[in-house]
Every structure is written in C-alpha cells, then in structure tokens.
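Asks: Numbering (our numbering), first residue to last: 7 to 249.
First the structure, which I've put down as structure tokens, then a few questions once you've had a look.
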C-alpha cells in the first residue's frame, strides 16, 4: 500500500519475521528478476510433484477403503443369511437408541444460548477493556493538530478514506499476531494520537472514561476483534481490542 503521509513510500509486511515498515519501492535488476522467476518456477514444479504424490496416495487410500467396505458388506450379508433371528433382535434394540440420540441432540441445541447473546451478555458485564486505536483528525476535530501535522486541514470524508485504506491493509493479516503487529505499525506512523509511540495502546480503561461512541465500540468488541470506523469529536478512529 502506498503511504499517504510519506510520499513515494509503500507499506511492507514480512510474513516470516512479522515486521512492518514504510519504505521506497523495491526495484530489481534484470539479473535479480531472472533469478526470482527461476526460483518461482522451481517452487511451482516442486508443488506440482507434491500435489501429484498426494493425489496418488489419496486414490490408493480410497480404493482400499472401498474394498474393505465391500468385504464387510459381504460378511454382514452372509451372517444375515445364517442368523436371521439375531439380526431382528439387533434391529429392534437399535431403533430406540437412535431415537434417544436425536432427542438428546435436539434438547441440547434448544438449551444452548446463541453465541451472539452470550457475547453481548459477557460484554455488558465488562468493567474495563484494553484497546489499540488509530486516530485520524480532520479540520472539524476539537483540536485539529497533532504530532504528525501541526495544522490539519483534511475533511471528514478524506480522514475516513484514509482509515478505509488502513483497514484494507490490516485485513490482509492471516493470524492474530500479524493483525496486531500490522495495527501497531500503522498506529506508530499514521495515528494523530499521542498513543502512536506505544503502537496505539491506550492501556486498560473502565466505563465512562472515554467519549460515549468510543466506549460503546470498545466494550462491544471481543478480544482480537477489529472495529469499523468510529466517529468522536476528536476525529475518526479504528480500534483493536487486546484485553
């Protein structure tokens, strides 16, 4: 992603190390590009071989399973022919058991509360939460200035658009650790709040300590959940609950 605050820089995330940074675009020489293409082709060839091997093993396992099932059916048929009375007894005994399983399952489902209801109740009982947040101020903020920009002139739609772009970057994270690392790096470089130096971490706070819209969003999140855009008199925010 191209940086809006640092011209000619792009956002990079290293999946192996979990580090993030803003940097200038990577330009490869013809020799480096050729080597990269060769590595990609070798990796693709290796993956194809592994896939064919897995397919062969899967087909072999399926054939063995089918043969085993057919053998069991033949044995069962042979037993049925020799002992009809025994099978009748077995069938009569199995029927009530099957019905009891269905009844128990239905009763269990009826007794279990929905996940949304449970989450809502749990969050209502929370006394404090811990969130990371990224703030973008605009010219209508109660204090349109920050460590990034002493005189902020952007409009509300522009500030929201910037947060939408950050959300797109964060959404590419594939693990909770990557999600948090990406959010913290963006907060350090892009947040207009002084908490930027801590990766957007506000620490633990209780109810009625923040502006109403901010508090409602924070206490409505589960741990590890990312919010949408939240508007307050300070500006527009995105939140990630971590505790």
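Glycine is no exception: its CB is placed at the ideal position from the N, C-alpha and C atoms.
Just to confirm the assignment, what range does the alpha helix (DSSP H) spanning residue 169 have?
Replies: Taking the chain shown and counting its residues from 1, the one referred to as residue 169 is at position 163. From DSSP, the alpha helix (DSSP H) with residue 169 extends over 162 to 177.
Asks: Please list the terminal residues of the continuous beta strand (DSSP E) segment that includes residue 208.
Replies: Counted from its first residue, the chain shown places residue 208 at position 202. From DSSP, the beta strand (DSSP E) with residue 208 extends over 207 to 212.
Asks: Are three or more beta carbon pairs between the region 143 to 157 and the region 169 to 179 nearer than 8 Å?
Replies: no
Asks: If we count the other Cβ atoms within 10 Å of its Cβ and call it buried at 16 or more, is residue 46 buried or exposed?
Replies: As a position in the chain shown, residue 46 is number 40, starting the count at 1. By the 10 Å Cβ count, residue 46 comes out exposed.
Asks: Examine the Cβ distances between the region 215 to 226 and the region 162 to 178 and report whether three or more of them are shorter than 8 Å.
Replies: no
Asks: With H, G and I counted as helix, E and B as strand and the rest as coil, what does DSSP make of residue 154?
Replies: Translated into positions along the chain shown, residue 154 becomes position 148. Of the three classes helix, strand and coil, the one that applies to residue 154 here is coil, per DSSP.
Asks: Per DSSP, what kind of secondary structure is residue 185 in: helix, strand or coil?
Replies: In the chain shown, residue 185 corresponds to position 179, counting from 1. If DSSP states are grouped into helix, strand and coil, residue 185 belongs with the helices.
Asks: Would you kindly work out how many angstroms separate the C-alpha atoms of residue 141 and residue 240, rounded to a whole number?
Replies: Taking the first residue of the chain shown as position 1, residue 141 is located at position 135. Taking the first residue of the chain shown as position 1, residue 240 is located at position 234. Roughly 8 Å between the two C-alpha positions.
Asks: Return the chain-ordered list of same chain residues with a C-beta closer than 7 Å to the C-beta of residue 204, the five sequence neighbours on each side being excluded.
Replies: Residue 204 sits at position 198 when you count from the first residue of the chain shown. Once the five neighbours on either side are set aside, residue 204 has no close Cβ partner at all.
Asks: Measure the CB-CB distance between residue 17 and residue 248 and report whether it falls below 8 Å.
Replies: Here residue 17 refers to the residue found at position 11 of the chain shown. Here residue 248 refers to the residue found at position 242 of the chain shown. Not closer than 8 Å, so no.
Asks: Determine the closest residue to residue 212 out of 51, 53, 134 and 206, with distance taken between C-alpha atoms.
Replies: Reading the chain shown from its first residue, position 206 is the one you call residue 212. Of all alpha-carbon atoms in 51, 53, 134 and 206, the one lying nearest the alpha-carbon of residue 212 is that of 134.
Asks: With DSSP run on the structure shown, which of helix, strand or coil describes residue 241?
Replies: Numbered from its first residue, the chain shown carries residue 241 at position 235. In the structure shown, residue 241 sits in a strand (DSSP, three-state: E or B).
Asks: Quick one: what does DSSP say residue 42 is sitting in, helix, strand or coil?
Replies: For the purposes of this step, residue 42 is taken as the residue at position 36 of the chain shown. Here residue 42 sits in helix by DSSP.
Asks: Among the residues of its own chain, which have a CB less than 8 Å from the CB of residue 172, if the five just before and after it don't count?
Replies: Sequence index remark: in the chain shown, residue 172 carries index 166 (1-based). Closer than 8 Å at Cβ, skipping near neighbours: 140, 192, 196 and 244.
Asks: Could you tell me the distance, in whole angstroms, from the CA atom of residue 309 to the CA atom of residue 42?
Replies: Outside the shown range of the chain (7 to 249) lies residue 309, about which nothing can therefore be said.
Asks: Alpha carbon to alpha carbon, what distance is there between residue 236 and residue 146?
Replies: One-based indexing of the chain shown puts residue 146 at position 140. One-based indexing of the chain shown puts residue 236 at position 230. Approximately 15 Å, taken between the alpha carbons.
Asks: Per DSSP, what kind of secondary structure is residue 204 in: helix, strand or coil?
Replies: By 1-based counting over the chain shown, the position of residue 204 is 198. DSSP places residue 204 in helix when its eight states are reduced to three.
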